[in-house]
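First up is the structure itself, then whatever we jot down about it.
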Amino acid sequence: MLSKILDGNKISKKIIQKIKKEVKYENRFRKRPPGLAVIWINNNISSKIYIKKKTIACNAVGFYTEEWKLKSSIKEQDILILIKKLNNEEKIDGILIQLPLPSHINTQKVIESIHPKKDVDGFHPYNIGCLCQKKPKLRPCTPKGIMTLFKEYHLSIQGLNATVIGASNIVGRPMALELLLSGCTTTIVHRFTKNLKQHLQNADLIIIAIGKANFLHNKNIKKGTIIVDVGINRIEKTNTIVGDVDFESVYSHVSYITPVPGGVGPMTVATLLQNTVAGYKKKYTYDENI
Ligand code: NAD
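So in the working numbering the end of the sequence shown lands on 453, straight run, no missing numbers.
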């Protein structure tokens with residue numbers, strides 16, 4: 164029997180190997196490697212884990228990296244000054260700011276201060292707008308990573324009824340735009356949705372990103388559904404990481420599913436590297452004065 168697992172670990176390793184070769188090749192002409200600056204302020208465990216994974220991956224492919232660990236008491240103005248400097252820094256192609264930011268900082272203002280050409284997270288309104296208008300440039304890493312996973316598994320999703328659970332700026336909303344771009348009939352459901360069950364049972368493809376451990380059960384879905392689990396939830400009692408899907412319960416019902424860990428997470432990191440290389444190679448044109 165064919166495996167139902169969409170293996171993000173396997174595919175991300177393949178992408179990372181490809182990037183490594185590309186960096187080695189490009190370095191000879193451009194006389195420098197791609198550069199990524201990572202700014203982080205909060206000290207929570209998930210942020211530390213994400214940054215560690217990103218740094219390991221960047222080192223593995225030969226990127227130049229700068230890590231800016233800032234004090235939580237830092238003033239918004241000082242972050243904006245740092246970003247302005249990085250925007251003008253020749254050796255930096257991508258600027259990543261680890262979210263969430265402390266409450267005294269205006270997150271949107273900080274995101275908008277990154278020049279869109281260096282916005283490797285793809286969160287700047289300009290980049291989101293391009294995706295919305297079917298002319299994508301730098302795209303949010305998690306949704307784009309999921310689309311890459313479908314492509315690598317030759318999954319044709321055009322025409323499917325796709326339901327995205329969760330409507331955040333970083334996952335749910337850009338995910339819905341990606342699915343729309345691929346020709347899915349796309350529905351977004353969220354905490355205020357009244358008839359959630361009906362939307363789920365109508366779905367051929369479900370992408371869930373809500374941050375609630377084991378939320379999605381087999382009784383919510385129809386047979387043969389493709390499920391992508393974005394959720395990362397730490398279970399304190401067992402010190403394990405689980406997704407938003409009750410994997411055991413849905414497995415016999417699905418046609419494909421991403422595991423947690425080893426599904427979407429590694430694809431997010433691999434996509435961040437792809438976006439940084441795209442910035443380095445100036446794959447997309449941006450007006451300098453945006
Ligand atoms: P968020 O808290 O910003 O948004 C959660 C969304 O879920 C909201 O739109 C909310 O309306 C919706 N929601 C909450 N409860 C719901 C319910 N009962 N029914 C329907 N909708 C509900 O979260 P986020 O930043 O989008 O992250 C979601 C999850 O994805 C988290 O576990 C996060 O750690 C994980 N995440 C994983 C990756 C990755 O690379 N794997 C990347 C980003 C986020």
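Glycine is no exception: its CB is placed at the ideal position from the N, C-alpha and C atoms. No experiment lies behind these values; they were computed from the predicted model shown.
Asked                                                                                                   : Found
Residue span of the alpha helix (DSSP H) that contains Glu341, given as start and end                   : Gly335 to Leu344
Identity of the residues DSSP links to Glu230 by a beta bridge                                          : Val201
Rounded separation between Pro429 and Val283 - CA only                                                  : 16 Å
Collapsed DSSP secondary structure at Arg193 in the structure displayed                                 : helix
Near ligand 1: Val327 beta-carbon under 6 Å from a heavy atom                                           : no
Counterpart residues of Gly257 in DSSP-defined beta bridges                                             : Leu199
The stretch 200 to 216 / the stretch 175 to 184 touching (three or more Cβ pairs under 8 Å)             : no
Which listed residue (Thr228, Asp256, Val224 and Asn207) has its alpha carbon closest to that of Lys234 : Asn207
Distance between beta carbons of Gln364 and Gly346, contact taken as under 8 Å                          : Actually they do not touch by this definition, with Cβ atoms about 22 Å apart.
Burial state of Thr401, where buried means 16 or more other Cβ atoms lie within 10 Å                    : exposed
Helix, strand or coil at Ala372 according to DSSP, with G and I counted as helix                        : coil
Cβ-heavy atom distance, Ala330 to ligand 1, below 6 Å                                                   : yes
Check: Gly428 C-beta below 6 Å from any heavy atom of ligand 1                                          : yes
Rounded separation between Lys167 and Thr305 - CA only                                                  : 20 Å
Integer-rounded CB distance, given that His416 should sit under 8 Å from Thr388                         : 7 Å
At least 3 beta-carbon pairs within less than 8 Å: the stretch 408 to 424 vs the stretch 369 to 384     : yes
Helix, strand or coil at Tyr443 according to DSSP, with G and I counted as helix                        : helix
Bridge-paired residues (DSSP) for Ile420                                                                : Ile168 and Ile390
Status (buried if at least 16 other CB within 10 Å, exposed otherwise) for Ile292                       : Looking at the sequence provided, one finds Gly at residue 292 rather than Ile. By the 10 Å Cβ count, Gly292 comes out exposed.
Assigned secondary structure, Ile468 (DSSP; H/G/I helix, E/B strand, else coil)                         : Nothing about residue 468 can be reported from this structure: the residues present for the chain run from 164 to 453 only.
Assigned secondary structure, Asn269 (DSSP; H/G/I helix, E/B strand, else coil)                         : coil
Identified DSSP bridge partners for Val327                                                              : Ile351 and Ile370
Asn377 (DSSP reduced to helix, strand or coil)                                                          : coil
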